[in-house]
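Trainee: Residue numbers (this note's numbering): 807 to 867.
Cβ coordinates follow ideal geometry from the N, Cα and C atoms, glycine included.
On a predicted model such as this, the values are computed, not experimentally measured, just so you know.
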């Protein structure tokens, strides 16, 4: 295991990556740039504000 930690993706990096991924898909090919940007923004906020599942308690043996 290396000593490097994963660097979290910035909002701009997420937006650019996801925008490029969706733009390549045939079902999004005819959507204009502004609408596609809105789809990516909605997707980000859906992910960002999902409730976090509770961490199961550890049992002591």
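1) Would DSSP call residue 814 helix, strand or coil?
2) When burial is assigned at 16 or more other CB atoms within 10 Å of the CB, is residue 846 buried or exposed?
3) For residue 842, which option in 814, 828, 823 has the closest C-alpha, if you only look at C-alpha atoms?
4) In its own chain, which residues sit with a C-beta less than 8 angstroms from the C-beta of residue 834, not counting the 5 before and 5 after it?
5) Out of 814, 817, 821, 813, which has the shortest C-alpha to C-alpha gap to residue 840?
Mentor: Let me spell this out:
1) Coil at residue 814, not helix or strand.
2) It counts as buried.
3) Of the candidates 814, 828, 823, the one whose C-alpha sits nearest the C-alpha of residue 842 is 828.
4) Counting only Cβ-Cβ distances below 8 angstroms, and skipping sequence neighbours, we find 828, 842, 845.
5) Checking every option, the nearest Cα to that of residue 840 belongs to 821.
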